[in-house]
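What follows is a short report on a single structure.
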Amino acid sequence: MNEIINSYKLKLFIIFLVVISPFVVFNLYEIVQVRQKSLQQSINSANTVIQSLHRHHTVLLETVERELSILAHIPSVQSDNYYQCSDVLKSILTNTKFFTNIALSDGDRKVLCTAKKGMKKVSKMAVAVFDEVRKNKTFAVGQGAVSENHGLAIIPFGYPVKEHKKLENPVLMAGVSLLWLNKKSYDINLHPSMRVYVINGKKNVIGTIPSEKDLLGKKLPSNVEIPKNRENKLLETEDGVWIFGDSVHEMQIIVYIDKNKLFADINTLFYQSLFMVIVMIVVAQIMAMWVSKRLILHEVERLMSISTSKIRMASVSELLVNISHHWRNPLNNISLLMELIKEKIESENSKEEILELAENVSKTTITLGGTIDHFSSCFDKGQKGVFDINNSVETALALLEPRFEEEKIQLKNSLSKDLNIDGDENEMVQVISHILNNGIDSIVKKNSSEKWIKISGEKKEKNIFLSIEDSGEGLDPKIESKLFEPYVTTKFMNHGIGVSLYLVKSIIEKDYQGSIKAKNTDDGCVFLITLPVN
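Residue numbers (our numbering): 1181 to 1714.
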C-alpha cells in the first residue's frame, strides 16, 4: 500500500512539473525579452499615453464648446437681468465639474455676471481669447497657464453671445482646469519610470502625471530643448528619453522615461521570477507528498465553480457600471435642454410648438432612461402589448432626425403596413435606434458622396422580416464573427464601449425569440432581423 502511495506521489510530482514547466520557461523567456526590448517598449507605451491624453483633451474641447453654445442661447444670459444670469452660471458651475468659473463680459472686458463672486474684469491670461472672440465672433481657446489666484492650470475659453438684448456682441468667458489630466491618469498604465508633462506655448509646465504641484508654472526639468521639427519627436540623454507629442492649441504633452529606474525594475523582476521558479518547485513537491488524487479533483472542481461565479458577477457588474456612465451625460444634457425650453415658454409667442418640443425631449429622456433600467434590472420584462413596428420606426427616426439632417443622409423607407407584433414597443425603438446609429456612424466614417439608409420589412406567414441597410464602410472582417458580443465595438477609443449591438441581440433573442445577423453588401452593410409573430 505504501509503495502504491509513494508511486502515485512521484507520478503526481512529475505531472505537476511537466504541466508548469512550459509556463515557467515561457515566463523566463518573456523576462529576458523584456530586458532586451524594454526601452523600445516603453517608448511605444509613451506614444500610446500621449495619443490617449490627446483624445481626452479633444473631447474636453468639444464638450466645453457645446456647453458654452447652449449657455449663450439661454434667455437669462441674453437679457440685461444679470442676477438671473449669475444664477444660471452658478447652476452650470455646480453641475459641470471641469469649469473653474464662467462669466459674461461686455466690449470693455468688464464682467457683468459671473458664477463666482469677485471677478470684475477679464483676467490677463484670457485677454487674447476675449479679443479673438470679439474679432472673429466665434468660439476660441486660449493658452493654458497657472492661475495666480489658486495655483491651478487653467485654459481660457470664449464664446460670442450674438443675441443679447442690450449689449452688442458680449463674450461668454470660461476657465477650465487641467485637473482632468490627473483624473484620466488613473486609466493609464504608467510605469514608475515614466512621467508625463503638459506644457503651454511658453514652455511652462501646466500639468503632470503623477501630480507635482511644485512644477506648475515652471520650465521643464533639466532645461530640455523642445525640438522644432515635427518629425524629431524623441530626445535621448544619458539618464533618460524624452518623447514629444504634437501641439494642440499651444498645449503639448511630453513623456520622460527614466532609464535607471526602468532597468532597475526589470532586473528586480528577473530575480523575482527566478525565486518564484524555485518556490514553485518546492511547493510542487510538498503538494505531491500530502495531497491525494481525490482531494485535488474535489478542490479543483470547487475552485472552478467559485471562480466562474465571480467572473460572471464581475462581468455583469462592470457592464452595468459602464452603461450607466455611458448614458449619464446624454441624460444630463437632455434634462438641461428641457429646463431651457420651459424657460423659453414664458418669453416666446409660439408656446404650443415649444411645449410639443419639450414633450418630445421628455420622451427621449424616458427612452434613454429605459435603457439603463433595462440593463440594471438584468433584462426584466416590461409592460407588453400589440404594436405596429411602423410606429417604432417612426419614433426611432424622430429621435435621430437631427443626425440625419446634419450628415445629409437620405432615408429610404419601404416598410409594409400592419406589421403588428406582441412585445414591448420601447425595446423595439431601442433596437432600431441602435442599428440606425451604427449605420450613421459607418456612413460618416466612410465619408462618401453616397449617403443613404434603407429600411424595409414585410410579413410572410408567421414571421416579420426587417432589413436595415446602409451605404457605410461595411463590417471589419476581424470582428464580423463576434459583432454581437459585449465590449466589441467598431468605434474609436472613448467613443463607444461596444454595448449597443449586444443589447440589440439580447432584446431580439430573449424578448422576441427572434434572430439577427449582419453582413457586408456591395454598398455597405445590412442588418437582417427575423421576428416570429404569435
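Ideal Cβ positions, reconstructed from N, Cα and C, are used throughout, including at glycine. Quick caveat, the model's predicted, so the values are computed rather than measured.
Exposure of Thr-1701 is indicated by the presence of fewer than 16 other C-beta atoms within 10 angstroms of its C-beta. Comparing C-alpha distances from Lys-1346 to each of Val-1291, Leu-1358, Leu-1395 and Asp-1286 shows the shortest one belongs to Asp-1286.
About 5 angstroms separates the beta carbon of Tyr-1339 from that of Ala-1252, a gap short enough to meet the 8 angstroms contact definition.
In the DSSP assignment, Tyr-1377 is bridged to Thr-1388 and Ile-1434.
Ranking Ile-1272, Leu-1233 and Gln-1221 by CA distance to the CA of Arg-1246 puts Ile-1272 first.
When rounded, the separation of the alpha-carbon atoms in Ile-1446 and Gly-1420 is 15 angstroms. With 16 or more other Cβ atoms inside 10 Å of its own Cβ, Gly-1425 counts as buried. Between the alpha carbons of Ile-1623 and Ser-1661 lies a distance of about 21 angstroms.
In the three-state reduction of the DSSP assignment, Leu-1251 falls in the helix class, which pools H, G and I. Closest option to Val-1356, judged by alpha-carbon separation, among His-1371, Pro-1350, Met-1374 and Phe-1337: Phe-1337. Between Ile-1688 and Ile-1633, the CB-CB gap reaches or exceeds 9 angstroms. DSSP, read as helix, strand or coil, puts Pro-1657 in coil. When secondary structure is reduced to three states using DSSP, Leu-1233 falls in the helix class.
With contacts defined as CB atoms closer than 9 angstroms, Val-1378 and Ala-1333 qualify as a contacting pair. Residue environment analysis places Gln-1693 among the exposed positions, since fewer than 16 neighbouring C-beta atoms fall within 10 angstroms of its C-beta. Under the three-state reduction of DSSP output, Lys-1290 falls in the strand class. By the 16-neighbour rule on beta-carbons within 10 angstroms, Ile-1194 is exposed. Apart from sequence neighbours up to five positions away, the residues of its chain that approach Lys-1631 with a beta-carbon distance below 8 angstroms are Glu-1587, Lys-1588, Ile-1589, Gln-1590, Ile-1623 and Ser-1651, ordered along the chain. In the three-state reduction of the DSSP assignment, Met-1353 falls in the strand class, which pools E and B. Non-local C-beta neighbours of Lys-1296 in its own chain, meaning closer than 6 angstroms and more than five positions away in sequence, comprise Asn-1281, ordered along the chain. Taking Asp-1438 as the centre and dropping the five residues before and after it, the same chain places the C-beta of Ser-1373 and Gly-1420 closer than 6 angstroms to its C-beta, in chain order. Check the Cα spacing between Lys-1317 and each of Gly-1298, Ser-1327 and Met-1353: the tightest is with Met-1353. For Asn-1571, no beta strand (DSSP E) run applies; the uninterrupted alpha helix (DSSP H) run containing it begins and ends at 1569–1587, by DSSP. For Ala-1295, there is no enclosing alpha helix (DSSP H), as DSSP marks it with neither H nor E. Annotation: Lys-1625 is outside any beta strand (DSSP E); the continuous alpha helix (DSSP H) that includes it extends over 1605–1626. In this structure, Ile-1386 lies away from Leu-1233, with their beta-carbon atoms at least 9 angstroms apart.
If you draw a straight line from the Cα of Phe-1584 to the Cα of Glu-1242, it is about 20 angstroms long.
The way I'd put it, the stretch 1258–1268 doesn't touch the stretch 1308–1324; fewer than three beta-carbon pairs between them come closer than 8 angstroms. Judged by their CB atoms, Val-1713 and Asn-1643 are nearer to each other than the 9 angstroms cut-off.
Ile-1620 is not a Cβ neighbour of Val-1573, given a cutoff of 9 angstroms. For Leu-1580 against Ser-1613, the beta-carbon gap comes to about 7 angstroms, under 8 angstroms, which counts as contact.
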